[in-house]
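Each remark here refers to the structure printed beneath this line.
In the working numbering, the protein residues as written are -12 to 186.
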């Protein structure tokens, strides 16, 4: 009930419209990868999924931000987030391990390949995690998503969100091509996401 309520609040606050341009909202196992401009990004993308997809889709988020108190409770109990280490990454705390374990368990993921927020709305080059997922689990659909305007709803450093219209556009799934090298794949994935930006 808490999850459904928060999804409703996120949609009301942002007036978010989900646009399924390149695929349908069906229960295929997927990795939704999106641009990252706000701490609300994964909440809005997650809230834009139909109920049945939301129940089997887990956002990936930095453990350092969602640690302690209400944040940690929301991340673990409501969003069921896969919390990863971003600061002191070692072989034992490799952020790919929990992501791959989750996917191998049959669930879908929401990830942000830039790795960090870019509050000015520009999209940074992708880090290699998406490539490694595509290489390890080639059968999983990788769905580009572009989130528009959310950086204005909760600007960096602010606590209270400002109601503003946003959109979440889902594109055509892609997969790693045979023999495709990491830089080429990451560029292609980023271009597929940017192509969804509203004109």
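Ideal placement from N, C-alpha and C gives every residue a C-beta, glycine not left out.
Taking all protein chains shown into account, decide if residue i is buried (16 or more other Cβ within 10 angstroms of its Cβ) or exposed.
{"i": "residue 35", "result": "buried"}
{"i": "residue 186", "result": "exposed"}
{"i": "residue 93", "result": "exposed"}
{"i": "residue 56", "result": "exposed"}
{"i": "residue 177", "result": "buried"}
Cα-Cα, which of the options is closest to residue i?
{"i": "residue 50", "options": "120, 94, 21 and 102", "result": "102"}
{"i": "residue 53", "options": "129, 42, 166 and 68", "result": "68"}
{"i": "residue 61", "options": "4, 22, 46 and 166", "result": "46"}
{"i": "residue 42", "options": "27, 58 and 66", "result": "66"}
{"i": "residue 167", "options": "18, 177, 157 and 122", "result": "122"}
{"i": "residue 183", "options": "110, 91 and 39", "result": "110"}
{"i": "residue 105", "options": "88, 75 and 27", "result": "27"}
{"i": "residue 37", "options": "5, 64 and 58", "result": "5"}
Taking the Cβ atom as the reference point for each residue, do residue i and residue j lie within a distance shorter than 8 Å?
{"i": "residue 117", "j": "residue 98", "result": "yes"}
{"i": "residue 29", "j": "residue 48", "result": "yes"}
{"i": "residue 96", "j": "residue 44", "result": "yes"}
{"i": "residue 127", "j": "residue 16", "result": "yes"}
{"i": "residue 10", "j": "residue 160", "result": "yes"}
{"i": "residue 180", "j": "residue 81", "result": "no"}
{"i": "residue 100", "j": "residue 20", "result": "yes"}
{"i": "residue 173", "j": "residue 115", "result": "yes"}
{"i": "residue 124", "j": "residue 83", "result": "no"}
{"i": "residue 12", "j": "residue 40", "result": "yes"}
Which whole-angstrom value is the C-beta distance of residue i and residue j, which I expect to be below 8 Å?
{"i": "residue 175", "j": "residue 129", "result": "Contact flag wrong, Cβ pair sits at about 10 Å."}
{"i": "residue 155", "j": "residue 31", "result": "6 Å"}
Could you spell out where the beta strand (DSSP E) holding residue i opens and where it closes?
{"i": "residue 7", "result": "4 to 7"}
{"i": "residue 188", "result": "Because the chain here runs from -12 to 186, residue 188 falls outside it and cannot be looked at."}
{"i": "residue 20", "result": "17 to 21"}
Compute the minimum distance between the beta carbon of residue i and the heavy atoms of the ligand GTP, and state whether it is under 7 Å.
{"i": "residue 84", "result": "No copy of the ligand GTP occurs in the structure displayed, which carries no ligand at all."}
Start and end of the alpha helix (DSSP H) containing residue i?
{"i": "residue 176", "result": "169 to 181"}
{"i": "residue 219", "result": "Here the chain covers residues -12 to 186 and nothing more, so residue 219 does not appear."}
{"i": "residue 97", "result": "That residue, residue 97, is in no alpha helix (DSSP H); its beta strand (DSSP E) goes 95 to 98."}
{"i": "residue 87", "result": "83 to 91"}
{"i": "residue 56", "result": "56 to 60"}
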